[in-house]
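The structure under discussion appears below in the form of structure tokens.
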Amino acid sequence: VIYLAKKGIKVHYFGIGLIEYSFARFRALKHGLEDLIDFKLPFSSGTDYSFDPINGPLPQDSSLGGIIALDVLEHIPDYHVVVEAMVKSLRVGGKIVENTPFAKTVVSEGKEDVRVHLSNGGISMDEAMGPKMKKIRAGVWEKVDE
Numbered sequence: 005v006i007y008l009a010k011k012g013i014k015v016h017y018f019g020i021g022l023i024e025y026s027f028a029r030f031r032a033l034k035h036g037l038e039d040l041i042d043f044k045l046p047f048s049s050g051t052d053y054s055f056d057p058i059n060g061p062l063p064q065d066s067s068l069g070g071i072i073a074l075d076v077l078e079h080i081p082d083y084h085v086v087v088e089a090m091v092k093s094l095r096v097g098g099k100i101v102e103n104t105p106f107a108k109t110v111v112s113e114g115k116e117d118v119r120v121h122l123s124n125g126g127i128s129m130d131e132a133m134g135p136k137m138k139k140i141r142a143g144v145w146e147k148v149d150e
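Here the sequence shown is numbered in our numbering, starting from 5 and rising by one per residue.
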């Protein structure tokens, strides 16, 4: 986010941890970039103070030009629901850059999945992105249809 803002690009920042959020905000202020970065809190009155990656930060109005999700989606159960919301947030021509190192094994039925990296639940990233997205190369997707 800091790198993009230093290039003059208006960005939105959303992180799931308050410590990470505070550090990113501190760095933005230190570099005088606060006008270029819209910080989205992971917990707010709009989400009844619970973490909600869909209704909290994502505009879902096809207004974003790009989303960077590096080492994020493997931490979210039913990640494909979040990916669907990410796609709705993008305008045609917008890109999603993601790196998602899913766990290789699935937890036995009936047991809670408490691993840091979850499996993809049997849904590939191709399926999660859906027909509106075209894979450009590994980890880079472009929205081709509204």
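Each residue gets a CB set at the ideal place from its N, CA and C atoms; glycine is no exception. Just so you know, these numbers come straight off a predicted model, no measurement behind them.
T104 counts as buried, since no fewer than 16 other beta carbons sit within 10 angstroms of its beta carbon. In the three-state reduction of the DSSP assignment, R95 falls in the strand class. For A28, the enclosing alpha helix (DSSP H) starts and ends at 22-34. For A73, the enclosing beta strand (DSSP E) has its first and last residue at 68-74.
Counting along the chain, the unbroken alpha helix (DSSP H) around K10 starts and ends at 6-10.
Residue pairing by DSSP puts R141 in a beta bridge opposite V144.
E102 places its beta carbon 9 Å or farther from that of L68. DSSP, reduced to helix, strand and coil, places V101 within a strand of the structure shown.
In this structure, K34 sits away from H16, with a CB-CB distance that is not shorter than 9 Å.
When DSSP reads this structure, F43 sits in a beta bridge with Y17.
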